[in-house]
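Asks: As numbered in mature numbering (1 follows the signal peptide of the UniProt record, and there is no 0), residues -28 to -1, 1 to 314 make up the sequence shown, in order.
Note that CB positions come from ideal geometry on N, CA and C, so glycine has one too.
Right, I'll just put the structure down here and ask away after.
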Amino acid sequence: MPRFTPRLPQVIRSVLFLSAITLSSAQAAEKIDLIIDTDPGADDVVALLLALASPEQLNVRAITTVAGNVRLDKTSRNARLAREWAGREEIPVYAGAPRPLVRSPIYAENIHGQEGITGVPVHEPAKGLEPKNAVNYLIETLTAAKPGSVTIAMLGPQTNLALALTQAPGIAKGIKEVVVMGGAHFNGGNITPVAEFNLYADPHAADVVLKSGVKLTYIPLDVTHKILTSEARLKQIASLGNTAGKLVGGILNEYVKGDMEHYGLPGGPVHDASVIAYLLEPGLFTGREVNLVIDTREGPTFGQTIADWYNTLDQPKNAFWVENGNAQGFFDLLTARLGRLK
Ligand code: RIB
Ligand code: CA
């Protein structure tokens, strides 16, 4: 005798169906527990504003700073400035490594200016640094973290994370993914003919992170040089009419001049903000798993990243290499999020 099961009234079935969809999309869009390691840096500041304007998607637990574009005292001041401009002063800033692991320090004041932020005046932010060093913060936080729970956005030289991994290799367990702005494969470098600045500034650190086995996604020049400003895109940011729009417009107008002149391009890249956009809307980007090798030998290929895009050597895949992105989608996202700020 077939069991008779009364059909639930349509309205009940619809509510159950809709709640199932809502749950799954909420699960799919689970908040990302994020640490941003950065060397602000003009494009770092844009990345920080984008991240701090997206609290429903990114739980920014801390900002850790490193020497890179400019010296550590200025990258740390600039990180504090970015959080003040974003109205997010509850987020702690920890200063980290003042110099690379092995090589002699290099900086990029010629691109980012003496103060490390182009195009707008800077001041001493009201809120200070945390007393703890960034490396100790990373070790303590990643040791205590649930396995695979913390994402790290790596916007400068990878010195802090490399030091933390060397001192406490077990912290790799707490890392979900490291998304790195860095590297170059198809179209050459920006600091040497083959190397990108963040990798060239501390190749040994990048190699430590690569060999740690953490899940790595690289956002290299291959894609950031395809996501360029234009008059129209800068206009859409400036048309926001708020402080954030004016700041980013002023910063980018000045920042992109160097790249536009060097490459003879109609616009310039916003490298680091592409990392945050990838976390917010990964569908804007495409890439593939590759075998990645970093050259740590002093010489003409120092800091070069070799991404085996066609799997020529059939070596183990150890990084997801992003090679393309939706430029207008990126600027629409950036503009919309900046519009949320004051
Ligand atoms: O090569 C571009 C990268 O180097 C960006 O992160 C920029 O801020 C500089 O750090
Ligand atoms: Ca940077």
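Taking R205 as part of the alpha helix (DSSP H), name the residues at either end of that continuous run.
Replies: Counting along the chain, the alpha helix (DSSP H) containing R205 begins and ends at E203 to A210.
Asks: Taking N31 as part of the beta strand (DSSP E), name the residues at either end of that continuous run.
Replies: Start and end: L30 to T37.
Asks: Which partner residues of Y66 appear in the DSSP bridge assignment?
Replies: Looking at the DSSP assignment, Y66 forms a beta bridge with T36.
Asks: Where do the N-terminal and C-terminal ends of the alpha helix (DSSP H) with V74 fall, by residue?
Replies: Element bounds for V74: n/a, residue is neither H nor E.
Asks: Measuring CB to CB, does T10 end up less than 8 Å from L127?
Replies: Yes, they are a contact pair.
Asks: Comparing alpha-carbon positions, which option in E61, E102, I4 and T307 lies nearest E149?
Replies: When only C-alpha atoms are compared, the closest one is I4.
Asks: Confirm, please, whether the CB-CB distance from A25 to L264 is below 8 Å.
Replies: Contact: no.
Asks: Ignore the nearest five residues each way along the sequence and tell me which others in L252's own chain have a CB closer than 7 Å to its CB.
Replies: Closer than 7 Å at Cβ, skipping near neighbours: S26, Q29 and L305.
Asks: Can you look up L306 in the DSSP assignment and give me helix, strand or coil?
Replies: Looking at L306 - three-state DSSP - the assignment turns out to be helix.
Asks: Listed by chain order, which residues have C-beta atoms less than 5 Å from any heavy atom of ligand 2?
Replies: Selection output, chain order preserved: D11, G13, D16, L127, G128 and D244.
Asks: Quick check for students: name the residue ranges of the beta strand (DSSP E) that lie wholly in the segment 83 to 166, counting only runs of 3 or more.
Replies: Listed in chain order, the complete beta strand (DSSP E) runs (minimum 3 residues) inside the segment 83 to 166 are 122 to 126 and 147 to 153.
Asks: Tell me the residue span of the beta strand (DSSP E) that contains T10.
Replies: Where T10 is concerned, the enclosing beta strand (DSSP E) stretches over I4 to T10.
Asks: Just tell me which of T258, P97 and T90 has its CA closest to the CA of G59.
Replies: Closest option to G59, Cα to Cα, is P97.
Asks: Applying the 10 Å Cβ sphere with the 16-neighbour rule, what's the burial state of H95?
Replies: By the 10 Å Cβ count, H95 comes out exposed.
Asks: Should the segment 135 to 142 be regarded as contacting the segment 45 to 61, the criterion being three or more beta carbon pairs within less than 8 Å?
Replies: Judged by Cβ distances under 8 Å, the segment 135 to 142 makes no contact with the segment 45 to 61, as fewer than three pairs qualify.
Asks: Under a Cβ-count criterion, where at least 16 other Cβ atoms within 10 Å of its own Cβ denotes burial, should T215 be classed as buried or exposed?
Replies: Exposed, by the Cβ-count rule.
Asks: Any heavy atom of ligand 1 closer than 7 Å to the Cβ of F158?
Replies: F158 Cβ: outside cutoff for every heavy atom of ligand 1.
Asks: Evaluate contact between the segment 220 to 227 and the segment 173 to 184, counting only Cβ atoms and requiring at least three cross-stretch pairs below 8 Å.
Replies: They do not touch, by the three-pair rule.
Asks: Under 8 Å Cβ to Cβ from S(-5), same chain only, skipping five residues before and after it: list those, please.
Replies: Unreliable positioning characterises S(-5) in this predicted model, as indicated by a pLDDT of 43, which lies under 50. The coordinate reading is nonetheless provided below. Once the five neighbours on either side are set aside, S(-5) has no close Cβ partner at all.
Asks: For ligand 1, any of its heavy atoms closer than 7 Å to the Cβ of N82?
Replies: N82: no, Cβ never under 7 Å from ligand 1.
Asks: Just the C-alpha distance for A291 and L188, rounded to the nearest angstrom, thanks.
Replies: Roughly 5 Å between the two C-alpha positions.
Asks: Does the beta-carbon of G40, which I'm using as the reference point, lie nearer than 7 Å to any heavy atom of ligand 1?
Replies: It does: the Cβ of G40 is within 7 Å (strictly closer) of some heavy atom of ligand 1.
Asks: Beta-carbon within less than 8 Å of P119's beta-carbon, same chain only, minus the 5 sequence neighbours each way: which residues are those?
Replies: Only K145 and G146 meet the Cβ criterion.
Asks: Whose C-beta lies closer than 7 Å to the C-beta of P64 among residues of the same chain, with five residues either side of it excluded?
Replies: Cβ within range, chain order: A34 and E102.
Asks: On the DSSP bridge assignment, give the partners of F292 in chain order.
Replies: DSSP lists T189 and E261 as partners of F292.
Asks: Only counting the same chain, and skipping five residues up and downstream in sequence, which positions put a Cβ closer than 7 Å to that of residue 316?
Replies: This structure cannot settle anything about residue 316, because the visible part of the chain is limited to -28 through 314.
Asks: Starting from T215 and walking both ways along the alpha helix (DSSP H), at which residues does that stretch end?
Replies: Counting along the chain, the alpha helix (DSSP H) containing T215 begins and ends at T215 to Y235.
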